[in-house]
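The listed protein sequences derive, respectively, from chains A and B.
Under the working numbering, the first residue of the first sequence carries the number 345, and numbering increases by one thereafter.
Under the working numbering, the first residue of the second sequence carries the number 189, and numbering increases by one thereafter.
Yeah, the Cβ is synthetic: ideal placement off N, Cα and C, and Gly gets one too.
None of the values given here were measured: they were computed from a predicted structure.
Presented below is the structure to which this report refers.
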Amino acid sequence: MRFSTTIAAALMVAAACGAPAETAETATTASTQIFQLPEGARVHDVAPAPDGTIWYTAQRQGALGILDPKTGKIRQIPLGPGSAPHGVVQGPDGAAWITDSGQNAIVRFDPKTEKIDVWKLPEEVGYANLNTGAFDGSGVHWFTGQNGIYGRLDPKTGKMDIFKDPDGRGPYGIAATPSGDVYYVSLAGSHLAKIDRVSGAATIIEPPTPAQGARRVWSDSKGNLWVSEWNSGNLSRYTPATGEWKAWKLPGDKPKAYAVYVDERDIVWVTDFAANATLTFDPASEKWTIIKGSGEGANVRQILGRPGEVYLPESGTNRIMVVRSSQK
Amino acid sequence: MKLLLAPLLAGAIAATAWAGPAPKASPGERAYQKCYSCHATEPGRNDLTGPSLNGIVGRRVAAVPGFDYSPALRRFAARNPRWTGTLIDRYAADPEALVPGTSMAFHGMPDPKERRALIKYLESLGG
Numbered sequence: 345m346r347f348s349t350t351i352a353a354a355l356m357v358a359a360a361c362g363a364p365a366e367t368a369e370t371a372t373t374a375s376t377q378i379f380q381l382p383e384g385a386r387v388h389d390v391a392p393a394p395d396g397t398i399w400y401t402a403q404r405q406g407a408l409g410i411l412d413p414k415t416g417k418i419r420q421i422p423l424g425p426g427s428a429p430h431g432v433v434q435g436p437d438g439a440a441w442i443t444d445s446g447q448n449a450i451v452r453f454d455p456k457t458e459k460i461d462v463w464k465l466p467e468e469v470g471y472a473n474l475n476t477g478a479f480d481g482s483g484v485h486w487f488t489g490q491n492g493i494y495g496r497l498d499p500k501t502g503k504m505d506i507f508k509d510p511d512g513r514g515p516y517g518i519a520a521t522p523s524g525d526v527y528y529v530s531l532a533g534s535h536l537a538k539i540d541r542v543s544g545a546a547t548i549i550e551p552p553t554p555a556q557g558a559r560r561v562w563s564d565s566k567g568n569l570w571v572s573e574w575n576s577g578n579l580s581r582y583t584p585a586t587g588e589w590k591a592w593k594l595p596g597d598k599p600k601a602y603a604v605y606v607d608e609r610d611i612v613w614v615t616d617f618a619a620n621a622t623l624t625f626d627p628a629s630e631k632w633t634i635i636k637g638s639g640e641g642a643n644v645r646q647i648l649g650r651p652g653e654v655y656l657p658e659s660g661t662n663r664i665m666v667v668r669s670s671q672k
Numbered sequence: 189m190k191l192l193l194a195p196l197l198a199g200a201i202a203a204t205a206w207a208g209p210a211p212k213a214s215p216g217e218r219a220y221q222k223c224y225s226c227h228a229t230e231p232g233r234n235d236l237t238g239p240s241l242n243g244i245v246g247r248r249v250a251a252v253p254g255f256d257y258s259p260a261l262r263r264f265a266a267r268n269p270r271w272t273g274t275l276i277d278r279y280a281a282d283p284e285a286l287v288p289g290t291s292m293a294f295h296g297m298p299d300p301k302e303r304r305a306l307i308k309y310l311e312s313l314g315g
């Protein structure tokens, strides 16, 4: 099922950091398309596929979904017994790489052959609650497990290494910078961490807000790290070159920042569960725009896109909203 | 700023490396590992994403003082005052189905045997 609309009038802007939401219109125009997914799929994460389709994890149905936004056609590929996929990203090989918490495994789906490969975590690790993955500049897949681990899988050799987070439980979002470095955040540990790609060691970088609940992380084009803070409701930025942090409170009442993504224009996208909305933030003007969820409790837990469009997987409504935007 | 180095475990996994279940963990303790990242079992430890599960069986729903529950769970609490074993069983099986819009990021525990073991373990925590 598809719905399309132009929502320029629905986009609201809030004046700069910390201010309550105002209702002035922004200069951004955007159109949205909403796709209803198969009943019970419970979409969690999304990623652009090489052929223009959109991959999504159907967490409740143990499948990788493939949505063609041109036709609305949807297919779901079962990933294996007990599968409950959380994250999906496109690898440098054009395949879908999935962090499958149900199988306690990294799963690869090749869109050309539809072959599925499964790398189980070592038995002695136990249940890791696998979360999200990212590829470094050398093509190595790094991933997080919320029960207190992070790890790497070298696609060339199939060798997997598991590391303990210094603070224990909490590793959640993970992202690579344009230079190929990898950072992850810990929700329970309230920290950012940079991974040494050779040794695998993690260096903790603590945000200035205590117990902020760093949930997800993404890099802008300059390699600055943007962090969504669940507990504090802040969007924060870490600049590796200087070690500086800066934070902006999301507009609205008691915000709960969940997902974060930076698009090709360096516009930052962040979701707020309290407002049932996705916000965009322009670091240059410090202006926010607000895109409401397509239904009550939309609960967008991750954001990803490609130039010109951004995907909002609504776990609560089981829909994907595609936002195509341009600046006037 | 705190700088720490993670213990390097490449190629070899230390016995105390992480919070995975002990080799002789009970089925309930193993089931709890699926809750571990967001819920502690220590009494009063409510600084994680979810509140402590200590004393959860029979506890009032969405009633830990100071905990920031989702609007969805608060609405649910108005109709379901206490976490009975039956209610926990249904919530663990499919959180989104029982409490649409819940912020709890858990895909569910489809195996009824695993859920029974979990509830038995939670009951054993007392509180």
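CB contact check: residue i to chain B, cutoff 8 Å
i: Thr367 of chain A; result: For Thr367 of chain A, the predicted model reports a pLDDT of 31, less than 50, meaning its position is unreliable; a value from the coordinates is still stated below. By this cut-off, Thr367 of chain A is not an interface position.
i: Ala478 of chain A; result: no
i: Leu648 of chain A; result: no
i: Thr370 of chain A; result: Any reading at Thr370 of chain A needs caution, since the residue's pLDDT is 41, under 50, leaving its predicted position unreliable; the model's value is listed next. Output row for Thr370 of chain A: interface = no.
i: Glu556 of chain A; result: Sequence inspection shows Gln at residue 556 of chain A; the Glu mentioned does not correspond to that position. No, no contact with chain B.
i: Glu640 of chain A; result: yes
i: Gly514 of chain A; result: yes
i: Val667 of chain A; result: no
i: Asn491 of chain A; result: yes
i: Gly446 of chain A; result: yes
Closer than 8 Å to chain A by CB, residue i
i: Asp277 of chain B; result: no
i: Thr274 of chain B; result: no
i: Leu306 of chain B; result: no
i: Gly296 of chain B; result: yes
i: Ser291 of chain B; result: yes
i: Glu284 of chain B; result: yes
i: Arg270 of chain B; result: no
i: Pro215 of chain B; result: no
i: Pro288 of chain B; result: yes
Contact check, residue i vs residue j, beta carbons under 8 Å
i: Ile493 of chain A; j: Pro515 of chain A; result: yes
i: Phe551 of chain A; j: Trp613 of chain A; result: Correcting the residue identity first, residue 551 of chain A is Pro in this sequence and not Phe. Contact: no.
i: Pro436 of chain A; j: Pro394 of chain A; result: no
i: Val484 of chain A; j: Asp461 of chain A; result: no
i: Asn662 of chain A; j: Leu381 of chain A; result: yes
i: Pro657 of chain A; j: His388 of chain A; result: yes
i: Arg496 of chain A; j: Gly544 of chain A; result: yes
i: Asp607 of chain A; j: Gly649 of chain A; result: yes
8 Å Cβ shell around residue i - same chain, five flanking residues per side excluded
i: Asn268 of chain B; result: Val249 and Leu275
i: Ala260 of chain B; result: Val287, Pro288, Gly289, Thr290 and Ser291
i: Ala618 of chain A; result: Gly577, Gly596, Asp597, Lys598, Pro599 and Lys600
i: Ile509 of chain A; result: For clarity, residue 509 of chain A is Asp in the given sequence; the question names Ile instead. Gly492, Ile493, Tyr494, Pro515, Ser530, Gly533, Ala537 and Ala546, listed in sequence order.
i: Ala428 of chain A; result: Gln403, Arg404, Gly406, Asp444, Ser445, Gly446 and Gln447
From the options, residue whose alpha carbon lies closest to that of residue i
i: Phe487 of chain A; options: A:Trp632, A:Leu408 and A:Tyr528; result: A:Tyr528
i: Tyr279 of chain B; options: B:Pro259, B:Ala266 and B:Pro300; result: B:Pro300
i: Ala402 of chain A; options: A:Ile378, A:Ile442 and A:Trp463; result: A:Ile442
i: Gln556 of chain A; options: A:Tyr602, A:Val654, A:Gln377 and A:Gly567; result: A:Tyr602
i: Leu579 of chain A; options: A:Arg560, A:Ser638, A:Arg650 and A:Ile378; result: A:Arg560
i: Phe625 of chain A; options: A:Asp564, A:Ser543, A:Phe453 and A:Asn473; result: A:Asp564
i: Ser638 of chain A; options: A:Ala621, A:Ala628 and A:Gly649; result: A:Ala621
i: Tyr257 of chain B; options: B:Thr237, B:Ala213, B:Ser225 and B:Glu217; result: B:Thr237
i: Glu217 of chain B; options: B:Leu241, B:Val252 and B:His295; result: B:Leu241
Close-in-space but distant-in-sequence residues of the same chain around residue i (CB under 6 Å, 5 per side omitted)
i: Gln420 of chain A; result: Ala402, Ala407 and Gly409
Beta-carbon proximity list for residue i, same chain, < 7 Å, skipping 5 on both sides
i: Val526 of chain A; result: Ala478, Asp480, Trp486, Ile518, Ala520, Ile539 and Arg541
i: Ile398 of chain A; result: Val390, Pro392, Leu411, Pro413, Tyr655 and Ile664
i: Glu653 of chain A; result: Val666, Val667 and Arg668
Legend entry - Near-chain A residues of the stretch 217–232 of chain B (beta-carbon distance less than 7 Å), N- to C-terminal order: Gln221, Lys222, Tyr224 and Ser225
Inset, instruction - Output, in sequence order along the chain, the residues in the stretch 526–538 of chain A whose CB is closer than 7 Å to any CB in chain B. - result: If you check each beta-carbon in the stretch 526–538 of chain A against every beta-carbon of chain B, the ones closer than 7 Å belong to Leu531 and Ala532.
Inset, instruction - Compile a chain-ordered list of the residues in the stretch 385–402 of chain A whose CB is closer than 7 Å to at least one CB of chain B. - result: Arg386
Inset, instruction - Could you list the residues in the stretch 613–629 of chain A with a C-beta less than 9 Å from some C-beta on chain B, going in chain order? - result: Phe617, Ala618 and Asn620
Inset, instruction - Taking a Cβ distance cut-off of 7 Å, strictly less, list which residues of the stretch 453–483 of chain A are near chain B, in chain order. - result: Pro466, Glu468, Val469, Gly470, Tyr471 and Asn473
Inset, instruction - Mind checking the stretch 233–265 of chain B against chain A and listing, in chain order, the residues whose C-beta falls within less than 9 Å of any C-beta there? - result: Asp235, Leu236, Thr237, Asp256, Ser258, Pro259 and Ala260
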